[in-house]
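*Asks:*
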Ligand code: SIN
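Residue numbers (this note's numbering): 1 to 346.
This is the structure we're talking about:
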């Protein structure tokens, strides 16, 4: 939509033009200019479009553009095209992009180690337990902390539960001995790999497949949808269905960008996002199941299931990881976590 011209257009009588300008001058500046403003919102992420996050971003774009009749455009940059996960948060803080959806494991390194609660191995039994945290008071408290970094948290959503991969089955702590395992930049995940006897190697998501292919690392962990869509099955012979940890995301925006939006644009964008995230929460399990079925059909990778006894032994091995995080962020966060998990399901 055209912004107001600086000169009176010839076809409007001067008296009418002046009256329009005088009326506009009474409006607060932001409202007068924003009322007609076209908006382009840049949304950057690091996974492919055919993942829970990719699907959520596309759905968000479709909803915003339809409801604003195209006045608000959402440009989605998937697969680390614009920024990788080492620099997307900084790009957001600098205003180079307007929205990102990093995994919760990536907030520790910007000074918010309490987000690493989500990385604790064997913490959640299922996604309904995750929701008690993300959609409740603890989720809000985590988002309040984002203000310290000039960010606003708009919503949580899931990818799902992570599995371990390497060129051998990973079913017991002894299987991990000496392996270099790629991890996200999370101290909890690094500690988890050490507790299992492996060496953690922090790498950006976009570098992971190549690092596996060239032997820079021996294995990694991810939900099956990420494993499959990155083609990691072509370079890993074994996937062990450990379901040992959760991978989820927070959609965050830059506080300056958010506060400068006109209230009804902010409402439209937020509403569309909440609907896209609700859809994403519904499809995460389905996407991972579909990826697992595709993986089975591809016949590239052996798939292993854990026995109950093997699961208990892995759980015991990683117990010190919980204690180490409690020391780092304080018992108060753990109490809040326990309270959230004790809530009845919504
Ligand atoms: C993501 O799903 O955004 C990436 C996860 C990873 O870095 O392993």
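Each residue gets a CB set at the ideal place from its N, CA and C atoms; glycine is no exception.
(1) If you scan the stretch 263-310 from start to end, which runs of the alpha helix (DSSP H) of 4 or more residues do you find wholly inside it?
(2) In the DSSP assignment, find the unbroken alpha helix (DSSP H) run with residue 226 in it and report its ends.
(3) For residue 247, is the beta carbon positioned less than 7 angstroms from some heavy atom of the ligand SIN?
(4) Rounded to the nearest angstrom, what separates residue 316 and residue 160 at their Cα positions?
(5) Look at the alpha carbon of residue 118 and the alpha carbon of residue 94, and state the distance between them as a whole number of angstroms.
(6) Could you tell me which residues DSSP puts in a beta bridge with residue 245?
(7) Please name the residue or residues paired with residue 182 in a DSSP beta bridge.
(8) For residue 44, collect the residues of the same chain with a Cβ closer than 6 angstroms to its Cβ; drop the 5 residues on either side in sequence, then sort them by chain order.
(9) Taking DSSP as the reference, what is the three-state secondary structure of residue 20?
(10) How would you label residue 125, buried or exposed, when you count the other beta carbons within 10 angstroms and need 16 or more for buried?
(11) Taking 7 angstroms as the cut-off, is the C-beta of residue 66 nearer than that to any heavy atom in the ligand PLP?
(12) To the nearest angstrom, how far is the alpha carbon of residue 186 from that of residue 168?
(13) Using 8 angstroms as the threshold, is the stretch 330-340 in touch with the stretch 127-140, meaning 3 or more CB pairs across them?
(14) I need the boundaries of the alpha helix (DSSP H) containing residue 44, first residue and last residue.
(15) Quick check: residue 48 and residue 79, are their CB atoms within less than 8 angstroms of each other?
(16) Measure the alpha-carbon distance for residue 365 versus residue 188 and round it to whole angstroms.
(17) Closest by CA to residue 106, which one among 205, 122, 53, 154?
(18) Checking the sheet assignment: what are the DSSP bridge partners for residue 238?
(19) Mapping the DSSP letters down to three states, classify residue 101 as helix, strand or coil.
(20) Are the stretch 287-302 and the stretch 244-262 in contact at 8 angstroms, needing three or more beta carbon pairs?
(21) Determine the burial state of residue 260: buried for a count of at least 16 other Cβ atoms within 10 Å of its Cβ, exposed for fewer.
(22) DSSP on residue 112, reduced to helix/strand/coil?
(23) Looking only at DSSP bridge pairs, what is residue 219 linked to?
(24) Whose C-beta lies closer than 6 angstroms to the C-beta of residue 326 among residues of the same chain, with five residues either side of it excluded?
*Replies:* So, from the data block:
(1) 263-298
(2) 224-229
(3) yes
(4) 22 angstroms
(5) 27 angstroms
(6) 162
(7) 201
(8) 77, 82, 83, 88, 97, 100
(9) Its pLDDT being 34, under 50, residue 20 is placed unreliably by the model, and the measurement read from it follows with that caveat. DSSP places residue 20 in helix when its eight states are reduced to three.
(10) exposed
(11) This structure lacks the ligand PLP; the ligands present are the ligand SIN.
(12) 24 angstroms
(13) yes
(14) Element bounds for residue 44: not the alpha helix (DSSP H) but the beta strand (DSSP E), 39-44.
(15) yes
(16) An answer regarding residue 365 cannot be provided, because it is not within the stretch 1 to 346 covered by the chain.
(17) 205
(18) 166, 302
(19) coil
(20) no
(21) exposed
(22) coil
(23) 181
(24) 334
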